[in-house]
Structures are given as C-alpha cells and as structure tokens.
Amino acid sequence: MTDTASSTTPAEYLAFTLGKEEYGIDIQKVSEIRNYEAPTRIASAPEFVKGVINLRGIIVPIVDMRIRFSLGTPEYGPFTVVIILNIGNRVVGMVVDAVSDVTTLSPEQIKPAPDLGSSLNTEHIVGLGTVDERMLILVDIDRMMSSEDMGLIERIAA
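Counting in the UniProt record's numbering, the sequence shown runs from 1 upward without gaps.
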C-alpha cells in the first residue's frame, strides 16, 4: 500500500470540523455517518472514550476526537455526528463537531506537516491539504486509531 501523499493519483477525504479547525480523513476508511446519540459508558475507560454503541449487533467503541486532541470541553449539538470507521479488522466511531463534504486532493495540493517541535504531536498528521482558501489537516486515521493509548479501545470493545 502506498502512502497517500506520495501517490500520483488524487485521493478523496472526508472533511470534518473540530472546534475552529477542519480535518480530513481517507474516505475509504469511512463506512457511515450517524447522528450523535449518547453511548453506554464503560467503567475505567480513558476520558476520550465516550462509551460503546450497538451497531447492528457489533459493539462499537466511540472516541470523542475533541477530547482526544485536547480541544476543550465538547458540546453536543444538532450537527454533532459519529463517523463510523473500518480500521483494520475493527469498527470504531469518532465524534466530531460536523462533517462538511468530501474533497478530492491531488498530490500537489498536499503539503508536508510542519515540524512544530514538542508543542503538538504531529505523528498522526499526514500533511496539510489546500483547496482554494481552505486548509485541511489530514489525519492518518489508521495510525492514530492503532496508537498505544488507542489500544485500550480494543480491550473495551472485547
């Protein structure tokens, strides 16, 4: 599998917002987008794991990306949605403020993530996608959902 940024073909990203920033993830990882409904809390789960939902017989852990990215106290409004992802052999839901659209980016529109030193963890950022005046922070959702602290999710869903 090739890295999206080094590929020569355009790729599609689902654009979503968290706070004032706009992010993008590979559309091929998304299975569906659902309205937010309060999940069932799980004792001793990390703060960013809101709980689990039963999705057609599959227990799906729900991760609040605002808490995961330390973006302050989340507020759940009419545009809050859960993006259901297929990551490897797991199904995970992630809560975001809103979904805006699907954007096609060519390799020329994707710039490498800036090195911001230790102030921000950029290991999950693929790059920055630019479309006219918009800038999308492209997240490697596979890497992020497979990181060490996210391994806790697997134990919760088991």
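We put the beta carbon where it would ideally sit given N, CA and C, even for glycine.
Could you spell out the range, first to last residue, of the alpha helix (DSSP H) harbouring residue i?
i    : result
D142 : I141 to M145
R66  : M65 to R68
Does residue i pass the burial test, meaning 16 or more other C-beta atoms within 10 Å, or should it be called exposed?
i           : result
G88         : exposed
Y36         : buried
T103        : buried
R68         : buried
I58         : exposed
Y76         : exposed
F79         : exposed
D132        : exposed
D101        : exposed
residue 163 : This structure does not reach residue 163, given that the chain is present from 1 up to 158, and the question cannot be answered.
A11         : buried
Can you find the residues in the same chain that come closer than 6 Å, C-beta to C-beta, to residue i, ignoring five residues on each side of it along the sequence?
i    : result
D64  : F48, K50, P74 and V95
S118 : Residue placement at S118 cannot be trusted, given a pLDDT of 44 that sits under 50; what the coordinates show is reported in the next sentence. Cβ neighbours of S118 beyond the five flanking positions: none.
Considering only residues of the same chain and omitting the five flanking positions on each side of residue i, which have a CB-CB separation below 7 Å?
i  : result
T8 : P107
Contact check, residue i vs residue j under 8 Å by CB: the rounded distance?
i    : j    : result
M145 : L71  : At roughly 18 Å, the Cβ-Cβ gap does not stay under 8 Å, so M145 and L71 are not in contact.
G93  : I62  : 4 Å
E22  : R134 : 7 Å
V139 : I25  : 5 Å
Among the residues of its own chain, which have a CB less than 8 Å from the CB of residue i, if the five just before and after it don't count?
i    : result
V60  : V52, I53, N54, I84, V91, V92, G93 and A157
Q109 : G129, T130 and V131
Mind checking which residues open and close the beta strand (DSSP E) that includes residue i?
i    : result
D97  : D97 -> no beta strand (DSSP E), and no H or E assigned at all.
T130 : I125 to V131
L55  : V49 to L55
N89  : N89 -> no beta strand (DSSP E), and no H or E assigned at all.
L18  : A11 to L18
E21  : E21 to D26
I42  : Segment: none, I42 is in no beta strand (DSSP E) and carries neither H nor E.
P112 : I110 to P112
S106 : Run containing S106: none; DSSP gives neither H nor E here.
E75  : Counting along the chain, E75 falls outside any beta strand (DSSP E), and DSSP gives it neither H nor E.
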